[in-house]
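The next block holds one structure in the form of structure tokens; read it before the comments.
In my numbering, the protein residues as written are 34 to 151.
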């Protein structure tokens, strides 16, 4: 003799699974939103520091350069902030100072290509 529970018992288990998946997705979305908010706060603090450290011309140069070399600008900004916080650089940092820093980075990363004929 078998007992017929009907479709309700099967749907109940599926509903629990769907709800568990929904809860996991919601937790992931909340975690991602919190991380994005933390990143925005860090960027806002960084921009505020750079406003006090850089002259408007220097900021403008970095903003223009960011369009083509965002990684380079991010690294240079972090370096400028670290140097300023350690009092190892004169504040405000001028456009000429930024040019010199960029030239130094370019010289360090420049590749020398040689073609040899035999």
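Idealized CB from N, CA, C, for every residue including glycine.
- Which whole runs of the alpha helix (DSSP H) in the stretch 37-121 are 4 residues long or more, in chain order? 40-86, 89-99, 103-118
- Would you mind reading off the limits of the alpha helix (DSSP H) that contains residue 131? Position 98 of the chain shown holds residue 131. From DSSP, the alpha helix (DSSP H) with residue 131 extends over 128-142.
- Taking just the CA atoms, how far does residue 151 sit from residue 15? In the structure as shown, the chain starts at 34 and stops at 151, and residue 15 therefore has no counterpart that could be examined.
- Which residues in the same chain have their Cβ closer than 8 Å to the Cβ of residue 82, if we skip the five residues on either side of it in sequence? The residue given as residue 82 occupies position 49 in the chain shown. Within the same chain, residue 82 has close Cβ partners 114, 117.
- For residue 125, which residues from the same chain have a beta carbon less than 7 Å from its beta carbon, with the 5 sequence-adjacent residues on both sides left out? Translated into positions along the chain shown, residue 125 becomes position 92. If we look at residue 125 and ignore the five residues flanking it on each side, its Cβ neighbours are 86, 87, 88.
- Task: For residue 134, collect the residues of the same chain with a Cβ closer than 8 Å to its Cβ; drop the 5 residues on either side in sequence, then sort them by chain order.
- Result: The residue you call residue 134 lines up with position 101 of the chain shown. Cβ within range, chain order: 109, 112, 113.
- Task: Look at the alpha carbon of residue 49 and the alpha carbon of residue 61, and state the distance between them as a whole number of angstroms.
- Result: Locating residue 49 in the chain shown gives position 16, where the first residue counts as 1. Locating residue 61 in the chain shown gives position 28, where the first residue counts as 1. Taking the straight line joining both Cα atoms gives about 18 Å.
- Message: One question on the structure: do residue 26 and residue 94 come within less than 7 Å of each other, judged by their Cβ atoms?
- Response: Nothing can be reported for residue 26: it is not among the residues displayed for the chain, which extend from 34 to 151.
- Query: Are there 16 or more other CB atoms within 10 angstroms of the CB of residue 101, so buried, or fewer, so exposed?
  - Reply: Start at 1 with the first residue of the chain shown, and residue 101 comes out as number 68. So residue 101 counts as exposed.
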